[in-house]
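These protein sequences, in sequence, are chains F and C.
Counted the way numbering that gives the first Met the number 0 counts, the first sequence spans residues 0 to 392.
Counted the way numbering that gives the first Met the number 0 counts, the second sequence spans residues 0 to 125.
Built from N, CA and C at the ideal position, the CB exists for glycine as well.
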Amino acid sequence: MVMQRIYMDYTAGKPTDSRVLEVMMPYFTQNYGNPSSVYSFGNQARNAIEEARKNVATLIGAEKKEEVIFTSGGTESNNLAIKGISYRNKDKKSRIVTSSIEHMSVLNSFKYLEKEGFEAVYVPVDRYGTIDLKVLRNEVNERTSLVSIMYANGEIGTVEPIKKIGEIAHSKGAYLHVDAVAAASQIPINVLNENIDLLSLSSNDIYGPRGVGALYIKTGTRLIPLIHGGGQERGLRSGTENVAGIVGMGKAAEIFKKEMKGESERLIKLRDLLIRNILDTIPETYLNGHPSNRLPNNVNIRFNYIEGESLILSLDMEGIACSSGSACTSKTLEPSHVLLATGLKHEEAHGSLLFSLGKENMEEEIKYVSKILPKIVKRLRAMSPLTPRELMN
Amino acid sequence: MYSDKVLDHFRNPRNMGEISDADGVGTVGNPVCGDLMNIYIKVKDEKIADIKFKTFGCGAAVATSSMITELAKGKTLEEAMKITRADVAESLDGLPPVKMHCSNLAADGLRAAIEDYRKKKMEKDK
């Protein structure tokens, strides 16, 4: 018997769309010219990059394609936006503001800048993971150069009120940077309507290849580069362009612009089915993150009395791949900072499980997981010294 | 990440459960850290006649708990006291380095259970 293999960890990594791979291939073996060269080989590559730039700009509603520059991924885009703006404004404004649930590439950039003498502020979230706007309003002042808040949190799924956050930042003359890596493949984003000055994207998160990302920089927003060299990407990101990767990201953006709405609607149905099945059939389970302002693909559940890694191992034995906020599955041996920021206790964060859905998940798979999971939870709870007796039978 | 032996003990834990009239109980770990282990022993003629465990924790925590019950069963208390964390890890064909400290608590749990037994016995003998 062939065991089913079910992948529900799309936040960790996504397959590259076959249509994307197809348009990338010629740029490895045939159109290998350097985009900076003046002859036709170079022009071909240059044109392909500009086409990709246009597609990415269109995906996020940017006014001009020149407002998009390509990077090596979401982490680099976040680093460039945060350090680039902070250093550019260092002499006049030394305060930078973010939240406690950001991606590590944002939080660790802030921690680095703190050591460099910047005044960093981490705004708390409520129990659903929504940014506390009152605190944000108090923390952003005339000395603030940058507010960096994620569009949506990939781990607990909560979508943030970005437009309002932008109003708060702009009212004090600060720029708004938005990490949209988790959101871009699922929610239509419009940088103009939503007061966004800088926006980070990752190619793989829109089913493009890994190793490519983009940063939207609104016209008039000045920042310093982190990588110095030949002056590619308007001098903001030197280094010969990753042409095939960029072409792939452009194609992924083009496809996604067309298909996102239908796909998100489909995912919402699957998401809600899985959430309902788990909460209805397994006692003492709770939904992490916001109940309605939520990414279409995100199912994050807390299971009392058991630990996440043993859940993941047990699911893996049944062919199901997902991830956990448990310390045991992290490199640092600390439970998820996101779950802790929403007020969960350590032992509660240890017992959380994230199913992040994607393109290839079908209703049958949701039903299979819904059938398997109660048995696994029961088995692990029977093993746990924490479980109250009535739950063990 | 884990050896086949660890996965086998995780999948089919030996001696899982509680002994309601245990002669000694050892509790080690802390749920805050993600690992909590209870070891229950029955002692007859200074030998471990029966042993069971209950564990909250990761794969390594469950597998080491299961392994210690196999290693300790039938041994004299003196022999059982000598089982080390390294013995448990070795019997499982090794543990990932990050798990050597945080989840390899079973030997400590067994010793705690034996000490609990000895303490109770001393009180009874008084």
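Three-state class that DSSP yields for Ile-148 of chain F in the structure shown: strand
Please identify the residue among F:Asn-296, F:Ser-144, F:Val-134 and F:Val-124 whose C-alpha is closest to the C-alpha of Phe-109 of chain F. With distances taken between Cα atoms, Phe-109 of chain F lies closest to F:Ser-144.
Contact criterion: CB-CB distance below 8 angstroms. Does Arg-10 of chain C meet it with respect to chain F? yes
Please report the distance separating the alpha-carbon of Asp-8 of chain F from that of Pro-295 of chain F. 14 angstroms
Which of the three DSSP states is assigned to Arg-45 of chain F in this structure? Three-state result, Arg-45 of chain F: helix.
Start and end of the beta strand (DSSP E) containing Leu-214 of chain F? 212-216
With 16 other Cβ atoms within 10 Å as the buried cut-off, status of Pro-12 of chain C: A residue is called buried once 16 or more other Cβ atoms fall within 10 Å of its Cβ, and Pro-12 of chain C is buried on that count.
What does Leu-235 of chain F reach in chain C if we use C-beta pairs closer than 8 angstroms? Result: empty, since nearest Cβ-Cβ is about 38 angstroms, beyond 8 angstroms.
I want to see whether chain F comes within less than 8 angstroms of Gly-33 of chain C, judged by CB atoms only; does it? yes
With a CB to CB cut of under 7 angstroms and the five nearest residues on each side skipped, what residues in its chain are close to Met-0 of chain F? Any reading at Met-0 of chain F must be qualified, since the residue scores a pLDDT of 48, below 50, and its modelled position is unreliable; the value itself is stated next. Nothing listed; no residue qualifies.
Compute the beta-carbon to beta-carbon distance between Arg-94 of chain F and Arg-142 of chain F, rounded to the nearest angstrom, for a pair I have assumed lies under 8 angstroms. 4 angstroms
Nearest to Thr-220 of chain F (by Cα), restricted to the options F:Met-23, F:Glu-159 and F:Ser-85: F:Ser-85
Pick out whichever of F:His-289, F:Ala-213, F:Leu-385 and F:Arg-275 has its Cα sitting closest to the Cα of Ile-59 of chain F. F:Ala-213
What do you get for Pro-334 of chain F, buried or exposed, if any count of 16 or more other CB atoms within 10 angstroms of its CB means buried? Counting Cβ neighbours within 10 Å, Pro-334 of chain F comes out buried, since at least 16 surround it.
Can you tell me whether Pro-30 of chain C is buried or exposed, with buried defined as 16 or more other CB within 10 angstroms of its CB? buried
Can you pull the chain C residues whose beta carbon is under 9 angstroms from the beta carbon of Met-316 of chain F, in chain order? Leu-6, Phe-9 and Arg-10
Chain-ordered chain C contacts of Leu-339 of chain F [CB-CB under 9 angstroms]: Residues of chain C passing the Cβ test: none, with the nearest at roughly 11 angstroms.
So Val-67 of chain F and Gly-247 of chain F are in contact, right, with Cβ under 8 angstroms, and what is the actual spacing, rounded? Actually they do not touch by this definition, with Cβ atoms about 15 angstroms apart.
Would you kindly work out how many angstroms separate the C-alpha atoms of Lys-256 of chain F and Lys-114 of chain F, rounded to a whole number? Straight-line Cα distance between these residues: approximately 40 angstroms.
Using a Cβ-Cβ cut-off of 6 angstroms (strictly less than) and excluding sequence neighbours within five positions of Leu-135 of chain F, which residues of its own chain qualify? Val-122 and Ile-167
Could you round the C-beta distance between Glu-240 of chain F and Pro-34 of chain F to whole angstroms and report it? I think they count as a contact, below 8 angstroms. Their Cβ separation, rounded to whole angstroms, is 5 angstroms, which keeps Glu-240 of chain F and Pro-34 of chain F in contact under 8 angstroms.
Just checking, does the stretch 262-279 of chain F make contact with the stretch 195-208 of chain F on the three C-beta pairs under 8 angstroms criterion? no
State buried or exposed for Met-121 of chain C, treating a residue as buried only when at least 16 other CB atoms are found within 10 Å of its CB. Classification of Met-121 of chain C: exposed, given that the 10 Å Cβ count is below 16.
Contacts around Thr-280 of chain F, its chain only, beta-carbon distance under 6 angstroms, and the 5 residues preceding and following it disregarded: Pro-373
Okay, do the stretch 364-373 of chain F and the stretch 314-326 of chain F touch, 3+ Cβ pairs below 8 angstroms being the bar? Verdict: yes, contact present.
Every unbroken alpha helix (DSSP H) within the stretch 22-108 of chain F, with a cutoff of 4 residues, ordered by chain: 25-28, 39-58 and 73-87
Alpha carbon of Tyr-1 of chain C to alpha carbon of Ser-65 of chain C, nearest angstrom: 15 angstroms
Are there any heavy atoms of the ligand HEM lying less than 7 angstroms away from the beta-carbon of Glu-317 of chain F, as far as the coordinates show? Ligands in the displayed structure: none, and consequently the ligand HEM is not present.
Given a cut-off of 8 angstroms, decide if Ala-60 of chain C and Thr-68 of chain C are closer than it, judged by their beta-carbon atoms. no
Just curious, the alpha helix (DSSP H) that Arg-4 of chain F is in, first and last residue? Careful: Arg-4 of chain F lies outside any alpha helix (DSSP H) and carries neither H nor E.
Ser-76 of chain F beta carbon less than 8 angstroms from that of Leu-200 of chain F: Judged by beta-carbon spacing, Ser-76 of chain F lies within the 8 angstroms limit of Leu-200 of chain F, meaning their Cβ atoms are closer than that value.
Closer than 7 angstroms at the beta carbon, the chain C residues around Ile-319 of chain F: Ordered by position in chain C, no residue passes the 7 angstroms Cβ test against Ile-319 of chain F, which lies about 15 angstroms from the chain.
For Gly-244 of chain F, which of helix, strand or coil comes out of DSSP? helix
Buried or exposed for Phe-302 of chain F, please, with buried defined as at least 16 other CB atoms from any protein chain shown within 10 angstroms of its CB. buried
Over what stretch of residues does the beta strand (DSSP E) that includes Val-180 of chain F continue unbroken? No beta strand (DSSP E) contains Val-180 of chain F, which DSSP labels as neither H nor E.
Short of 7 angstroms Cβ to Cβ, which residues in the stretch 50-74 of chain C face chain F? Lys-53, Thr-54, Phe-55, Gly-56, Cys-57, Gly-58 and Val-61
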